[in-house]
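One structure is given below, encoded as structure tokens.
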Amino acid sequence: MNRQRSATVWAAIRAHVDGAVRPLSLDVVCAVAVQMLDAAGAAVALSGGLTGYEPVSASGPSAQPVADLHATLGEGPALSALSDQRPVLTSDLAAADAQGRWPMFSPAALAAGVRAMFVFPLQLGAISLGVLEISRAATGWLTAEQAVDALVFADAALLLHLRNAYGDGAEHVVEPGRELLDRWAAVHQATGMIAVQANTDLSGAFVRLRAHAFAHERSLLDIAHDVVARRLRFQPDSR
Amino acid sequence: MLDRQTVRTFVELADTLVIGFDVIDLLQTLAERCVDVLGVDAAGILLADQRGNLTLVAASTEQARLLELFQLQNEEGPCLDCFHTGRQVSVADLSADARPHPWPRFASAAREQDFAAVHAFPLRLRDEVLGAMNLFSHKTGALAPESADVAQALADVATIGITHERTLRHHQLVTEQLQYALNTRILIEQAKGMLAERAQIDVADAFTRLRAYARDNNQRLAAVARLVLDQDAQVAALHHPTSDASTTG
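Chains R and L, in that order, are what the protein sequence lines are. Numbering that gives the first Met the number 0 puts the first residue of the first sequence at 0, with every later residue one more than the last. Numbering that gives the first Met the number 0 puts the first residue of the second sequence at 0, with every later residue one more than the last.
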């Protein structure tokens, strides 16, 4: 199994963080992703805003050009990943299927020196925040290990953005990584229940669940079980 | 010889594969049909999330769900062994005085849920194992050889359903399908929570309502879950404290 990859990726991210000079941010996630995935670019784009595609962080020479192409042309692997809600992996943008799927984007990306693209949604069920885009100058697939790493980078970006958008800025909202909660149905059920109780969206409900677990030094799963069993209720935020 | 129910199940699954489907609906149908066809009492399907965890994506009953979750929580059990080895694992007698097996905590949890035997079948794609299918029985005993063959065939249908079309291009594209299936399951859990809170019912009843509504209206489970999450007026009736939908399915 690949559980150690998550620890490796998080260790690399932490090693790149340098106190107040270079705090944990989407930029750090992208920069480390470029290094570890042998990429020409890594970018995070959010799905909110007027256009539904808003690049917010980019690292590596091809990241910004690729994001600009998506924004300009309105098509490409990143937008497909957003609409299909699944990873979109393309080993060769010059191949017929890629050319057929993105007739404007593919030749433009090739002209910009990008040959392969791997896009991973930042999502947790109906919480869908954006995408992590990995671009490469050469054809070929990610190795199995790199594909796992990319999923972990996408998780990191998701949790980090949730912290920035909803949280109180504390580190606990980001770590531990998502691999510890994915399989627990109760966490997601509790998220849905809290959203109704606290009259918030799922993202806000999820962040409150995590913050509560942290503040009371209990596991996320314990708190989730309390919510599902109706031993614990959340109130609308007074802010 | 195959009985009529088995034949009907394969016809139903083949239809699903041909007309286009949501993988979660396919796996949920499979889990339920396993119970009908194989003479077992509960079934659950687990998929690897590629980050190192097995996640339950479909179960015939909440009871099986509890057990699957226990199994994951404690990181032991026949389904995990089946996943790691890619081979069928069968325990015909889970009782404490039966032949020793390596999962004492799993066995006692299973007995608490009144299960006496368990059988696990791999979801195998060439040299890769995507997950496993677990069958639970209240009675002790091995599966008949032809039932085991049918069970493995059903597990293979699940594999094909998960990997369909794109696998032919490259095995890495399984990632797209797997991640989609896993995320859809999370979305359904979120919807169960919302529905449970709005209707003041428990989450198991919420799932029964979702499933019954999807079936009665010929909609995908994920689509109905999304309607619930979006508070769509179309599913307003689901939210009533006592909904008619809860009595079907």
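A virtual CB, placed ideally from N, CA and C, is assigned to each residue, including glycine.
Interface flag for P64/R against chain L is unset, since no Cβ pair is found closer than 7 angstroms. Residues of the segment 179–213 of chain R with a C-beta atom less than 7 angstroms from some C-beta of chain L are D181, R182, A184, H187, Q188, A189, T190, G191, M192, A194, V195, Q196 and L201, listed in chain order. Distance from Y179/L to Q84/R at the Cβ level is roughly 7 angstroms; contact confirmed, criterion being Cβ atoms closer than 8 angstroms.
Close partners of N182/L in chain R (Cβ separation under 7 angstroms): Q84, Q122 and G124.
At the C-beta level, V130/R and L161/R stay beyond 7 angstroms of one another. As DSSP reads the structure, S58/R sits in a beta bridge with A41/R. The segment 54–64 of chain R makes contact with the segment 126–142 of chain R; the number of CB pairs closer than 8 angstroms reaches 3 or more. Per DSSP, the beta bridge partners of L55/L are L45/L. M35/R and Q145/R have their alpha carbons spaced roughly 8 angstroms apart. Counting C-beta pairs closer than 8 angstroms gives fewer than three between the segment 199–215 of chain R and the segment 195–213 of chain L, which falls short of the contact rule. Minimum Cα-Cα distance from I23/L among the listed residues H83/L, P240/L, Q87/L and E188/L corresponds to E188/L. Using a Cβ-Cβ cut-off of 7 angstroms, L49/R does not count as an interface residue toward chain L, since no Cβ of chain L sits closer than that to its own. By alpha-carbon distance to A131/L, the top candidate from P240/L, A235/L, L29/L and L12/L is L29/L. Taking C-alpha positions only, H239/L is separated from Q98/R by approximately 49 angstroms. When DSSP assignments are scanned along the segment 68–144 of chain R, the uninterrupted stretches of beta strand (DSSP E) that are 3 or more residues long and fall wholly within it turn out to be 87–89, 115–123 and 126–135.
Checking the DSSP bridge columns, you'll see F120/L partnered with M132/L. In this structure F120/L touches A150/L by the C-beta definition: roughly 5 angstroms separates them, less than 8 angstroms. Proximity of the segment 3–10 of chain L to the segment 95–110 of chain L falls short of the contact definition, fewer than three beta-carbon pairs being nearer than 8 angstroms. The beta-bridge partner set that DSSP reports for V88/L consists of A119/L. For R100/R, not one C-beta of chain L is nearer than 7 angstroms to its own C-beta. Within the segment 188–199 of chain L, contact with chain R at the beta-carbon level (separation under 8 angstroms) is assigned to E188, Q189, A190, K191, G192, M193, L194, A195, E196 and R197.
In this structure, R219/L lies near D21/L, with their beta-carbon atoms less than 7 angstroms apart.
Within the same chain, and ignoring the five residues on either side of D148/R in sequence, the residues whose Cβ sits closer than 7 angstroms to its Cβ are R4, V8, M35 and L36. Within the segment 34–47 of chain R, no residue has its Cβ closer than 9 angstroms to any Cβ of chain L. Separation of L194/L and A232/L (C-alpha to C-alpha, rounded to the nearest whole angstrom) is 13 angstroms. With 16 or more other Cβ atoms inside 10 Å of its own Cβ, P77/L counts as buried. Excluding sequence positions up to five before and after P86/R, its CB lies within less than 6 angstroms of the CB of F119, all in the same chain and listed in chain order.
Between G191/R and K191/L a beta carbon distance of about 6 angstroms is seen, short of the 8 angstroms cut, so the two are scored as contacting.
L134/L and C33/L do touch by the CB rule: their CB atoms are close to 6 angstroms apart, below 8 angstroms.
The shortest C-alpha to C-alpha distance from A58/L to any of N182/L, A236/L and E31/L is the one to E31/L. Taking a C-beta distance under 7 angstroms as the contact criterion, V43/R and S24/R do not qualify as a contact pair. Taken in chain order, the unbroken stretches of alpha helix (DSSP H) that lie wholly in the segment 179–226 of chain R and span 4 residues or more are 184–196 and 201–214. Around the C-beta of R21/R, fewer than 16 other C-beta atoms lie within 10 Å, and the residue is accordingly described as exposed. A Cβ-Cβ separation of about 4 angstroms places G160/L in contact with L25/L under the 8 angstroms criterion. Under a criterion of Cβ atoms nearer than 7 angstroms, the residues of chain R adjacent to T174/L are, in order, P86, L88 and A146. When the alpha-carbon of A198/L is set against those of L237/L, S146/L and V128/L, the nearest one is in L237/L.
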